[in-house]
Each structure stands twice: as C-alpha cells, then as structure tokens.
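When you read off a place in the sequence shown, starting at 1, and then add 3, the result is the number in my numbering.
Note that CB positions come from ideal geometry on N, CA and C, so glycine has one too.
So the structure is just underneath, and the comments pick up after that.
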Amino acid sequence: MARTLRQKGLEPWFPCQRGPAQVGWQASQDIPATMGPQAGMAEMAPLVKRVRKEIQSSHFLGLVGPKGDTGETGVTGIEGPRGFPGVPGRKGEPGESAYVHHSAFSVGLESRVTVPNVPIRFTKIFYNQQNHYDVTTGKFYCNIPGLYYFSYHITVYLKDVKVSLYKRDKAMLFTYDQYQEKNLDQASGSVLLHLETGDEVWLQVYGDGDSNGLYADNVNDSTFTGFLLYHDTI
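Dropping the structure here:
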C-alpha cells in the first residue's frame, strides 16, 4: 500500500526522535507536512477524502471485463390479467347483397276435368311471374335446383276423385275423396320435394274415368301451387 500511495504523491511518515510520537501521512504537494494528534478534524477531512478516493479508484477496483454470454431463457411467468378492450375499428364498406332466387306459381281450374291419366291443365293464373309453370302442358319446370313446396286444393262434385302428384313420371302423392251425393266436397294434399334442374311436376287423375270428379266454376275453385323454399348451394 505504501508503494501505491507513494505513486499517487502520498508518503507515510513515522515518529521522529525529537518529539512526541506522531504517526500520520506526509503529502508531497498540498497537504500539511505534519499531522498528528494535534491536527483537528477539519484539517484531517480533506486528507481522508482524498486517500479514500485514491484507494477506491486505483487499488480495489479492477478494469471492466468483457460482456458475458447471454443467459438461458427463464421459466414462463404466470398469465397476466386481461387487458382493457381496444378502441373500436373503423366502419367497414357495405358488402354486396346476396342474390335471392325466386320460383313460384299458383294456378286454378276453369272447367271440369274429363280426361284421366294425363296432366291436368290449370289455366287460371293467379301467379306465374317467372313462367316456370307451363299453361299449355300443365307442368311445372324446375329452373333452380333446391327444395320446393307443392300443394293442391280441389273441389269434388258429382263423382269420386283420385288425384296424384307426379315428379319425373313417378307418382309422389295420392289423394282420394269419395263423393257425397248432393254435396260439394273438398280434398287437398301437400308435399316437400327436392328438385334438380329440368325436373317436371304436375297433377293428374289416376284410375278410370269414374274418378275424375274435379270441379270448378265461378264460385268454387280447384288450385295447384308451388314455390321454392331453399335453393341448392352452388
């Protein structure tokens, strides 16, 4: 330590032979040459401060070493509390409207049916905006594949009625009404059918000519109705 202090301009001094024992430090520059027991605390303070500074800066602290390697990743901490809701975003642009498919008809008889086992021609038009029902053939032609609802309500007079609803030349639904003399009877039927493009649906009297009592006049109707419920996803 004496060597270090000597390099910094501080030298230890020891008791001399001529006076009382004195132990202290002798500064080579601006510190009083003699400081012993007679020296006051005010005179000692600068020396103590300087010696402490010199010791801390040159004797005990080494040079700054190189940066160490990155340590391993620590264990994941527990999940924090839920944050506050964010600010609402801007209003989006209006989307395109979905196209709605339409297919419907509602028709009625204008006269009695006399011929069995052929499509019944309903010529009284209540609704046929898409023209999917053909008045000349009495058939509904599917232009939009999907699920359809069909119904018929018929007036029965003078004879029994046997009527069936056909799809692709196959009877899908049958209705029979036994005529009560001197009365007007009513018969009806309804069904859900899935149709493909090009399918045909119609009504006709089945059996012999004795079961064709369908009737219509200016106050009594026999009707045939159908419409699309859901179109197939393309």
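Cα-Cα separation between W28 and K52, rounded to whole angstroms: One-based indexing of the sequence shown puts residue 28 at position 25. One-based indexing of the sequence shown puts residue 52 at position 49. Per-residue confidence for W28 stands at a pLDDT of 44, beneath the threshold of 50, marking its modelled position as unreliable; no derived number is given.
So the candidates are N186, D172, S167 and K173; which of them puts its Cα closest to the Cα of Y179? Looking up residue 179 in the sequence shown gives position 176. For the residues N186, D172, S167 and K173, the minimum Cα distance to Y179 belongs to S167.
Flag this pair as touching only if the segment 190-204 and the segment 75-89 have three or more C-beta atom pairs under 8 Å; answer yes or no. no
By the three-class DSSP mapping on this structure, what secondary structure does L217 have? For this step, residue 217 is matched to residue 214 along the sequence shown. Assigned with DSSP and collapsed to three states, L217 falls in strand.
Quickly, what does DSSP pair G228 with across the bridge? List them, please. Taking the sequence shown and counting its residues from 1, one reaches residue 228 at position 225. Looking at the sequence itself, residue 228 is Thr, so the reference to Gly does not match. T228 is bridged to S109 and S154.
Spatial neighbours of R115 within its chain, please: CB distance less than 6 Å, with the 5 preceding and 5 following residues excluded, ordered by chain position. Along the sequence shown, read from residue 1 onward, the residue named residue 115 stands at position 112. Here R115 has Y218 as same chain residues with Cβ atoms under 6 Å from its own Cβ, once five neighbours each way along the sequence are excluded.
Meets three-Cβ-pair contact criterion under 8 Å: the segment 118-136 and the segment 193-201: no
Going by beta carbon distance, what residues of the same chain come within less than 7 Å of K165, once the five residues before and after it are set aside? Locating residue 165 in the sequence shown gives position 162, where the first residue counts as 1. Result list for K165: Y179, V208, Y209, G210 and S214, in chain order.
Start-to-end residues for the beta strand (DSSP E) that takes in A268: Only positions 4 to 237 of the chain appear in the structure, and residue 268 is not among them; the question remains open.
Taking the alpha-carbon of F153 as reference, which of I147, G74 and S109 has the nearest alpha-carbon? For the purposes of this step, residue 153 is taken as residue 150 along the sequence shown, with counting starting at 1. Among I147, G74 and S109, the Cα nearest to that of F153 is on S109.
What does DSSP give as the partner residue(s) for Y144 in the beta ladder? Here residue 144 refers to the residue found at position 141 of the sequence shown. In DSSP, Y144 forms a bridge with E203.
Can you have a look at G77 and say buried or exposed, based on whether 16 or more other CB atoms are within 10 angstroms of its CB? Reading the sequence shown from its first residue, position 74 is the one you call residue 77. Exposed, by the Cβ-count rule.
CB-CB under 8 Å to R171, same chain, minus the five flanking residues each way: which ones, in chain order? The sequence position of residue 171 within the sequence shown is 168, counting from 1. Counting only Cβ-Cβ distances below 8 Å, and skipping sequence neighbours, we find D202 and E203.
Helix, strand or coil for L50? Go by DSSP, reduced to three states. Here the question's residue 50 lines up with position 47 in the sequence shown. In the displayed model, L50 falls within a helix according to three-state DSSP.
Does the separation of the CB atoms of L231 and A101 fall below 8 Å? Within the sequence shown, residue 231 is the residue found at index 228, counting from 1. Within the sequence shown, residue 101 is the residue found at index 98, counting from 1. Contact check for L231 against A101 fails: the beta carbons are separated by 8 Å or more.
If we ignore side chains and look at the alpha-carbon of each, how far apart do Y160 and N221 end up? As a position in the sequence shown, residue 160 is number 157, starting the count at 1. As a position in the sequence shown, residue 221 is number 218, starting the count at 1. Between Y160 and N221, the C-alpha separation is close to 14 Å.
Nearest candidate by alpha-carbon position, reference N223, set G71, N146, E82 and H156: The count along the sequence shown starts at 1 and reaches residue 223 at position 220. Residue H156 is the option with its Cα nearest to N223.
Less than 8 Å between the beta carbons of K127 and G141, yes or no? Here the question's residue 127 lines up with position 124 in the sequence shown. Here the question's residue 141 lines up with position 138 in the sequence shown. Not a contact, by the Cβ cut-off of 8 Å.
Below 8 Å on the Cβ atoms is my guess for F227 versus L206; work out the distance and round it to an integer in Å. Counting from 1 along the sequence shown, the entry for residue 227 is found at position 224. Counting from 1 along the sequence shown, the entry for residue 206 is found at position 203. The pair is a contact, with the Cβ atoms about 6 Å apart (cut-off 8 Å).
Using DSSP's beta-bridge definition, name the partner residues of Y233. Working through the sequence shown from its first residue, we reach residue 233 at position 230. Answer is L150, bridged to Y233.
Along the beta strand (DSSP E) that carries T252, what are the first and last residues, could you check? Residue coverage of the chain in this structure runs from 4 to 237, which leaves residue 252 outside it and unanswerable.
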